[in-house]
Structure formats: structure tokens, C-alpha cells
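Numbering (full-length UniProt numbering), first residue to last: 1 to 1052.
By construction, the Cβ of each residue, glycine as well, lies at the ideal position given by its N, Cα and C atoms.
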């Protein structure tokens, strides 16, 4: 028998005595398999499956192992009551590690088994396969019936598989492999038997399959583990790689395919052209991308060869040019390979450019192993393993399902259709009859509640821990999977964003809090979603749909059955309310704060109970007795205080509650529209989950060093370590010593001082020998270094900017921090050592490879040319572009109105100036406002300019603003932000009073006069300024505009 058909089986038969193995034969004593049925089952399993190796586990005997010595050579490594570990060598010379498991019922004894497995796999490399009864599950979904499963029940087993990089072999057959054979509610089934393999096994034996057979007379399912020969699986399907589009010759193939002139429908022509393109791309792929990994390896070897030659002959220009070209070639091939691997692995959340090749390779291997059909059962229950048999069964199944292929359709059947067909009046009436409900026979099947979605039951009550357990386990399995262990640090962050989205994973001695991690980049975070805030925002959406009367079935049902005729804001929470409805009602105070009623006519806004006033909901701030006023009673509407589109507050309210009267004038009345409600966190007034999340999330102060780690050319793993270091989060020896660990705090790089953050990065003599040459290479010379905050501020100051030069400096800084930390760990954990020059070479290599993969552009200056020369890159040098322009004069029959708005932390203002064509000032205005948003104050400036022009009787005007947003809104149908709608409508009304009014955007340099007026911040809301009272700087601006001073603006 060929070893490639080797099969292993572990039936559990309930034997009673131990037996000996002599001369490779099993002596069955009378007390053992004396039951003829059991003897028949064992013989049938061995003969029908043609086993080369057999393992039998039994309660008293524990474990037996039998094998065919002509195929396998077995060497015992370790044995105990729970496990036998052997080294198996095939006759071909390939060997693997095999473990037969029969775990104890006692958790403490199983704990020793897990430690044993972890220890042996950790110290013995190579392919591993573990088979047997593990007496433990790996997730709560692997058990049905009995007591509720908790993660603690299988935490030790899960940890063992995680640390040993073990995972389930692809399997078929029974999922639940054990049952207690009880009836009704007492029945318990679970997956106790499994076959575990590691990545090395999948590498050597990719076509392996475990087939769990029906239990038969036992309470466990036997498993037949088969190693198949490498199956070709037919021709590979065509796969288009996105990176092909970046190749220069790709578009030429598309043009060639699109020149085809095949006739037919548009869809037929498109498909035909794509087929032609596919043939062209296949030939191109064979020539250019064949054996691509070997091409990448060859390019790297060639690059390193030229770099060694350059070290020997530094002045050789031809070697230098060849080395530069080799670096660019390798960098390009490397990125193409990574892009192809990412696409093959179907890992959509992972970014490329961070050396995650092992993760992509492992993902591809796992997908291929899971997708192969190695074993199939036909309708008669026969086991099929041959490729031809499996293919025939698949064809037969789908032929029976969809029918046999139809013969070619005869177009002549349409000839009869050419004759006119007339439907009789009686037939027409029959066709128009309504269908009786009894005539409809719907084949619906009865189901049961609760329905599950994403593994969770859809319940009206609160979800229990047990209900949420499947989702929690799925998340943990993703983050702790064997594939994730090969990810870089930045890869782990992306995995967290894709899977966890804010679950609290803060360890005991976390140096960086989870609140920080969930913050945006500008606040020093990693932009991971905070799950609690996201959940609050999602609940607020439900409230918004209710209060905005959204036309949905759910809102209609809630209003009819839950709210009924009560006020949503003041209704009490019913005792019989479901858990989800209670949670929604608990969010009402926050929702009330975030929703605002904009006053139109005031008919639909409650004066006391709705949120329309700057003080909030008035009934929460003032005595109840005042709500029983004859005019402003408890149910009074806001229109009671409006007269002719203006506020008219009753005098007794002004006397008793002056706060309401004084601040009511901050509320604008938009008499041109009805009352409506807006969602304050969103600019357009409609609910937006992202804006709501940003509004309610914990806000921290911004950090100054964000640009050091978040920039265009960043290497993710470098930036992540630097991010940790900037948070003072590196677990240095001195920090561990302060936490109570018995550890020598001395720095492993210099063996002189204690290892803290500043010393490791900037203070260590070793680090200085690395950092100073790098500083010289980026154009800086420093001799002394100071405390941590000073050095970080120095880097922020000298590395700022988004141009290529600044990106190189940031690349060097991040690579330096990363490699210093990497070298420190190499010395602590691996006893390795790299001298400072070697570490500098590694940093320069990483930076050069990153730069070679991008097209750099430098402004042509001596400093930038020196930078490019130091880093051996060939950027494109460009001259700085500038444009010159004067103040824009109006047409002869018009006047120019320049407007602007200004916003500071505690004050805001606006201004406008009206001038004729020669530049003479006709009028000017300035005003102050409560700080809101720059867009609002820009609109206020436009409104002030229109009012000023209208008051002078001007009929034809041109309005200029340096706000592109405001000009775009005024010139189109874009909906303005909700807090600017009142002033927007007033502007539209003012525009109708002019014969001509146009809006255009201008650069700020030519809008200096309006900008100056907007920054005066007078005490009055609207204050006209006489030209004769202008300050000297304002007079200078007006004069320079009138004489056509040319203003300069640089264009990037």
C-alpha cells in the first residue's frame, strides 16, 4: 500500500482489560472483545478503511497503537495514561510527530496533559498531528444540552492550542462526536474528538482529511484520518490581480481587446471582449509573472550583491547606478508580490506594505485546505475518495437537481407567433379575477423562536452572558488565531479594527489605556472604535427615528403599541417594558440634549418641554408653578411669544425669569419655513452615526506629535513602535522593576544606566552612536541631548511638513526608534548583538527600500538636493510655482462687496466692505456674534454686506468671499448646515432685492480689507464703520488694493 493513502483511525469501543502487542499482532483476551458485535466492528473498521495505523482508546486500557511496519517506522518519544507521542517515519523518508490522546475526565489531570502537549510541540519542530478524545470542547457551540458552557471550562485547552499553533484539520462527517445516549432534555452531545494539526503539517501534507463516522455501537464517533496524494484539482481558474493595472503595458492589452467589432447585444459584446482580454492577460502573466517569488528572491540577491560591490568600490559610478536600479526593481517586485498574496488570501482588512507575507501565505494555505473536496458521500452512503468518482457524483447531483441540458432551441417555433393572437372577452375576464387566498399554497415550514443573527438570538429581553458567548468566542478566536501570531504590530491593530472595534482588552499592567487607543489620531489614539460609545450612538438612532416621525414600520408600531397617546419625553418606563425598549428610553436625556427644534412659526414646539432655547429644556430649570400661567401654561407653544416674525416675551415672564427673556433673542426665527427638528451633532441636521459617535465619545486633548507617526510614507510597524514610545509605553526594564518584577533594570545596550524611555531612545551611548549619523544624513548636526520632552519637541519642530524631505526625516526617526527597540529585545531574549554601524545600515536599508517604491518630488533647493544625494534617491525636482494677482475690481456698472467671517475660542465676528471700480470705499460694516462655526460667521458676513449694499440703494453688486464652502452653497442647491439655515434664507431673500447679484470665491490675499473688519469684534452686533475712521493699517490695505498691488501665492 502506498504511504500516500495512509489512514489513521481511533474508535472508542469501551474495552475492559489491557492487551499486549506482540509481533505486531493484537491478542484479544477473552475478557476484552468477547462480544462478537464489537469484534465485528473493529475488524470492519480496519479492513473497510485499509488502515496503515490504528489507535484504540479505552477507559481502563487507555491507549493502543498498531501500525503496518512495511509502511511506517514508529519510535516512541513519550507515553502516559493520557497520551502517546511517537515519531513516525514513512518509507519515503518523510517523518512526522504523532500523538494519540485520551484525556482524563478530571480537569486537573487534563491541565497536565495540555502542558505536556505545549512543551513537546515547543521543543520538537516539524509536522504534528494529534488525534483522539480530548474530553474538552473549544467553543460553546460545540456542545448541545446540559449545563451552560463558560469560557473557563475550556480556557486551558484553548490556550494549549493557541500556544502550540494547532488548529482543526479539515474534516467531514459528524460534527458532534460524543453523546451520553440519553433521551429528551437529558441528552447531551458535544465535540470531544478531533484531529489537530500545525502549519508544518499543512505544508507537507496539504491534502489531509479527517472523516468522523457515525458512532455505531459506541458513544464516540470513530475518525478516519487520510493523507491523500497531491491532487491537481483540474485547471486553475483565471484570477485578475489588481496590481496588474499599475503595469505600463496593461492598458495596451485592454485597447487591443476593445478593438473587436463583434455584433450582438451590449452585454454580449462586453463579455466577448473580456474573454479576448483574458486570453491576452494569460499569455502576459506566463511571461512576466511566472514563478514570481523566485523573481523577488533573485532581485533581492542581486541588490545585495551590488551593495556589497559598492562597499568595496564606493566611487564607482556605474556600480552606484546599477545598485539604485536594483533597489527600485526589488522594491517594486516586493510590493507586487505582497499585493498578489493579499488578494489571494482574501484578507480585505489588511493593508500591504508592512511585510505580512507569512500571514498571507498561511491564509492561502488554510483556504486551499478548507476548499478542497477530498471525501464525498453519495446518496447511497458510499464513501468516495477518488477524483473521478467525486466529479461524477457532483455532475450527477446537479443534473438531477436542475435537469439535463436542453437541445438547441429551434427558432422556427416563433413562426406561429407571427400570426395575430386575440384573447376572447371571457378569457380576459377570467384573467382579471382576483386570486382567492385559498388558492395560494405556500410551502412555509414552521420555525421556532428565537431566530439567530450573527450567532446571537433576537430577543426582546436582555441578552445573557450565555447568549453572547458564541460571538465573544468568535472574536477571541479571530484575534488569537494561529495565523494572527505571525502579524506585525501594525497588522494586529488592523485586525482589532476589523474584528474587535473597541472591546475592552486592557491588561493588568497596560502602559496605554484603552480609552487612549480608541481616540482619533490627533488625540494620540489609533482610531479604534469604542464599542460602548458606538452602542449608545446606535440607540440614539432609534430615538431620532421616533422624534423625527420617520416613515418606517418599526416607528409606526412603536407609536401605536408602546407610546400610544403619551408624550415620548415624559412618559414613564412601563414595568412590563422589554429590555431593549428600556435601554432606548434610558437614552432620552442624552437624545433630548442632542436634538434641537428650529423655530419657524412656533406652532409645533412646546414652550416648556421641547429643546429650542439656549438654556435647554425650560421645565428642567424653572419652578413648576410658573408653568400654569394663563398664557404660557404647561402645554403652551412657542408661537405664544412670537408676533410678526419677532420675539414678544410677556412682561411678567421678563420680570420673573429674566434668563429666558434675555437669551431668547439668540434663537433665530425662520418665518419662511415651518418648525422642524434637527440632530445637532450632524452638519445637515439628519442623524449620522459617525457624527454622533464623535460627539459622545470621550475627548482628550490633542497631542503635538501626531504628524511624527501619521504621515504619507509611513512604515506601519515602525510607526506603531514609535507611537508606543511617544506614549511612554515601552515596557523597559526599569518600568518592569517598578512594577515589582525581580529584574535587573540595567540597560542591555550600554550596561551602564537604568533602562527607561529617555535613556533607551536618546540617552544611551549606544543609541547616540546610531542617532547622530542618521541626523547628519538628514541634514542636522547635534552634539548634546536633553530630557525626553525637549527631544520630542525638537523632532516635531524640525520634521514638520508634508513634503518629501519631511517624510524622509519622519521615516528615519520612526525606523530609528523601531530598530533600537528591536535591538534591545534581540539582546534581552536572543542574546544577539549588532554594533551601531550595523544598526545604522539596517535603518538606511529600510528607508531606501521604502523610498525606492515611491515616486518622490522635491522642490529644487540646495538643501533638498543634498537630502536626495545623502539617501541615494532619484526624485523629480520641481521649481516652486507662484501666481500673482491684484484685488478684483467690479464691472463698470457694479460695485464690489467683499465679506469675511472670523472665529476664535471665545469670540467671533464678521465684516463687509463695499467699493466701486476705482477702489473707493462706499460703506463698511463690522459685527460680533456668539462663537459657533466659521461657516455661520462667513454667512453672517455675506448677510451684512447685502444689508449694507441694500441700505445704500445699490442695485447691481458682486459679492466676493474667501470661503469656498459658502460660495458653493450659495451658487448651488447644496443644503446648508442646519445652524446656518436661518441666515441662509435671509440671504436668499436679500438677493431677490437686487437687479444683479453674483457670488464668487477669491483668495484671502485679496480679501484683506474684509478680513480686517471681521477681526475688530465690536460690542455691537451690527456696526457701520465710516471710511474716515479707518485705522492706518486699514487705510493702507484699501490703498494697496486701489493701486493694483500684486499679491503672491505659492501653489503646491
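Between residue 944 and residue 668, is the Cβ-Cβ spacing less than 8 Å?
Taking 8 Å as the Cβ cut-off, residue 944 and residue 668 do not qualify as a contacting pair.
Minimum length 4: unbroken alpha helix (DSSP H) runs contained in the UniProt domain "RNase H type-1" (898 to 1015):
Listed in chain order, they are 934 to 951, 964 to 970, 981 to 991 and 1008 to 1014.
Could you tell me the distance, in whole angstroms, from the CA atom of residue 773 to the CA atom of residue 280?
Separation of residue 773 and residue 280 (C-alpha to C-alpha, rounded to the nearest whole angstrom) is 51 Å.
Can you determine whether any heavy atom of the ligand SAM sits closer than 7 Å to the C-beta of residue 513, and answer yes or no?
This structure lacks the ligand SAM, and indeed carries no ligand of any kind.
DSSP state of residue 1030 mapped onto helix, strand, coil:
In the displayed model, residue 1030 falls within coil according to three-state DSSP, outside both helix and strand.
Starting from residue 58, follow the alpha helix (DSSP H) in both directions and report where the run begins and ends.
Per DSSP, residue 58 lies in no alpha helix (DSSP H) segment; the continuous beta strand (DSSP E) that holds it begins and ends at 53 to 58.
Out of 804, 851 and 395, which one is the CA nearest neighbour of residue 863?
Check the Cα spacing between residue 863 and each of 804, 851 and 395: the tightest is with 804.
So, residue 1013 versus residue 950, is the Cβ gap smaller than 8 Å?
Contact flag unset, no.
Whole-angstrom Cβ separation of residue 71 and residue 78, contact assumed at under 8 Å?
Contact check for residue 71 and residue 78: beta-carbon distance about 23 Å, past the 8 Å limit, so the pair fails to qualify.
Under DSSP, the alpha helix (DSSP H) around residue 798 begins and ends at which residues?
Looking at the DSSP string, the run of the alpha helix (DSSP H) that includes residue 798 is 788 to 798.
Looking at the unbroken beta strand (DSSP E) that takes in residue 62, where does it start and where does it end?
DSSP places residue 62 in the uninterrupted beta strand (DSSP E) bounded by 62 to 67.
Just mark residue 891 as buried or exposed, buried being the case when its beta carbon has 16 or more other beta carbons within 10 Å.
Exposed: under 16 other Cβ atoms inside 10 Å.
Between the C-alpha atoms of residue 612 and residue 605, what's the straight-line distance to the nearest angstrom?
For residue 612 and residue 605, the distance between alpha carbons rounds to 8 Å.
Can you look up residue 194 in the DSSP assignment and give me helix, strand or coil?
DSSP, read as helix, strand or coil, puts residue 194 in strand.
Determine, using beta-carbon pairs with one atom in the stretch 991 to 1001 and one in the stretch 1025 to 1040, whether at least three such pairs fall under 8 Å.
Segments in contact, no.
Between which two residues does the alpha helix (DSSP H) harbouring residue 129 extend?
Not the alpha helix (DSSP H): residue 129 falls in the beta strand (DSSP E), residues 128 to 133.
Would you report the Cα separation of residue 104 and residue 110, rounded to the nearest angstrom?
C-alpha separation (whole angstroms): 6 Å.
Enumerated in chain order, which unbroken segments of the alpha helix (DSSP H) with a length of 4 residues or greater are wholly contained in the stretch 802 to 872?
DSSP runs (the alpha helix (DSSP H)) wholly in the stretch 802 to 872: 804 to 830, 836 to 852 and 862 to 870.
From 972, 936 and 928, residue whose alpha carbon lies closest to that of residue 1023
When 972, 936 and 928 are compared, the shortest CA-CA separation from residue 1023 is found for 928.
Using a Cβ-Cβ cutoff of less than 7 Å, which residues in the same chain neighbour residue 177 once the five nearest sequence positions on both sides are dropped?
Within the same chain, Cβ atoms closer than 7 Å to the Cβ of residue 177 are found at 191, 192, 193, 212, 220 and 221, the five residues on either side in sequence being excluded.
DSSP three-state call for residue 122: helix, strand or coil?
The answer is helix: DSSP assigns residue 122 an H, G or I state.
From the DSSP output, in three-state form, read off residue 688 for me.
When DSSP states are grouped into helix, strand and coil, residue 688 belongs to the coil group.
Return the residue from the list 823, 1009 and 665 that minimises the CA-CA distance to residue 1054.
Residue 1054 cannot be examined here, being either before or after the span of the chain that is shown, 1 to 1052.
I need the straight-line Cα distance from residue 186 to residue 146, nearest angstrom please.
If I take the Cα positions, the gap works out to 7 Å.
Look at the alpha carbon of residue 244 and the alpha carbon of residue 275, and state the distance between them as a whole number of angstroms.
Going from the Cα of residue 244 to the Cα of residue 275 covers about 17 Å.
Contact set for residue 256: own chain, Cβ-Cβ below 7 Å, skip 5 residues either direction:
Within the same chain, 280 come within 7 Å of residue 256 by CB-CB distance, once the 5 residues on both sides are set aside.
Beta-ladder partner(s) of residue 89, from DSSP
In the DSSP output, where bridge partners are listed per residue, residue 89 has 73 and 95.
My parser needs the beta strand (DSSP E) runs of 3 or more residues fully inside the stretch 582 to 621; what are they?
As far as the stretch 582 to 621 is concerned, its whole beta strand (DSSP E) runs of at least 3 residues are 595 to 598.
Of the residues 812, 807, 1002 and 901, which one's Cα is nearest the Cα of residue 857?
Measuring from the Cα of residue 857, the nearest candidate turns out to be 807.
Quick one: give me the first and last residue of the alpha helix (DSSP H) that residue 159 is part of.
Note, residue 159: alpha helix (DSSP H), 151 to 163.
Are there 16 or more other CB atoms within 10 angstroms of the CB of residue 158, so buried, or fewer, so exposed?
With a 10 Å radius around the Cβ and a threshold of 16 neighbouring Cβ atoms, residue 158 comes out buried.
Endpoints, the beta strand (DSSP E) within which residue 211 is located
Looking at the DSSP string, the run of the beta strand (DSSP E) that includes residue 211 is 208 to 212.
Look up residue 1039 in the DSSP assignment and say whether it is helix, strand or coil.
Correct three-state label for residue 1039: helix.
Report the option in 965, 732 and 1016 whose CA atom is closest to the CA atom of residue 1002.
The shortest Cα separation from residue 1002 among 965, 732 and 1016 belongs to 965.
Grab me the residues of residue 918's own chain with a C-beta within less than 7 Å of its C-beta, minus the 5 sequence neighbours each way, in chain order.
The beta carbon of residue 918 lies closer than 7 Å to those of 1042 in the same chain, with the five residues before and after it left out.
For residue 1048, which residues does DSSP report across the bridge?
According to DSSP, which records beta bridges pairwise, residue 1048 is partnered with 884.
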